Structure formats: C-alpha cells, structure tokens
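The structure is reproduced here in structure tokens:
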C-alpha cells in the first residue's frame with residue numbers, strides 16, 4: 001500500500017488515528033508526505049481511540065517518511081509491536097510475529 005501526500009484533518013470523525021496500520025501483518029507499506037492535523041480522542045472504549053496517534057503502526061517493517069503532525073491530543077507516531085497479529089489477520093497469520101521483522105525506515109518526520 002502506498003499512501004502519499006494526503007491531508008488528514010479532525011480525525012475524531014474516524015477511530016484510532018489518522019493513518020492506522022492495524023493488524024501487525026502489514027509489511028512494505030509506504031507512508032510518504034502526509035500531513036495529519038488535529039488528531040484527537042474518540043469516545044470509544046478502545047485504548048487506540050482514547051489515546052490516538054496520528055500514525056499508528058503495528059509492524060515496523062514499513063516505510064514512514066516525510067510526514068508531519070500538528071495539533072494532536074496524544075501521540076504523533078506510535079509503534080506497537082505485538083507477538084501475534086491483531087484483528088482479522090490473526091486468523092490468516094496466527095504464527096506470524098510482528099515484532100521480529102527488521103525495522104523499515106522512519107525518516108524526516110516532524111511533529
């Protein structure tokens with residue numbers, strides 16, 4: 001997946017953050033040149049929604065470059081390494097370990 005040059009504003013309309021690589025089985029994705037503004041908490045009971053990150057990544061084997069975050073309530077960038085995939089990917093990849101792959105690239109990102 002390639003997400004480039006998006007403007008994301010007022011993410012309370014969404015859940016969990018502006019860009020959310022959720023399950024931990026996502027690898028090789030590129031997040032490049034995106035701007036997330038005013039990422040704020042949601043009333044959901046999930047930790048991901050109550051303490052949102054503009055960029056929420058569950059597998060470090062991705063590329064996060066040239067992005068910017070402004071005006072959020074909690075986190076700009078959050079890496080959450082799990083021992084097994086979360087969500088729907090758990091059924092497909094029950095033996096995959098998201099925290100073992102090498103770190104992709106995190107470069108030129110700002111808060």
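Numbering (the UniProt record's numbering), first residue to last: 1 to 111.
Note that the Cβ used here is the ideal one computed from N, Cα and C, for glycine as well.
All values reported here derive from a predicted model rather than from experimental measurement.
Neighbourhood of residue 30 by C-beta distance below 6 Å, restricted to the same chain and skipping five residues each side: 2 and 63
Use the C-beta contact count for residue 67: other C-beta atoms within 10 angstroms, 16 or more gives buried, fewer gives exposed. Buried, by the Cβ-count rule.
Excluding five sequence neighbours on each side, which residues of the same chain lie with their C-beta closer than 6 Å to the C-beta of residue 23? 85, 86, 87 and 89
From residue 9 to residue 52, what distance separates their C-alpha atoms? Separation of residue 9 and residue 52 (C-alpha to C-alpha, rounded to the nearest whole angstrom) is 13 Å.
At what residues does the alpha helix (DSSP H) containing residue 91 begin and finish? From DSSP, the alpha helix (DSSP H) with residue 91 extends over 89-92.
Assign residue 39 to one of three DSSP states: helix, strand, or coil. coil
Which residues bound the beta strand (DSSP E) around residue 7? 7-9
Whole angstroms are fine: how far does the CA of residue 92 sit from the CA of residue 82? 16 Å
Residue 6 versus residue 35 - alpha carbon distance: 6 Å
Out of 28, 43 and 50, state which residue places its alpha-carbon closest to the alpha-carbon of residue 106. 28
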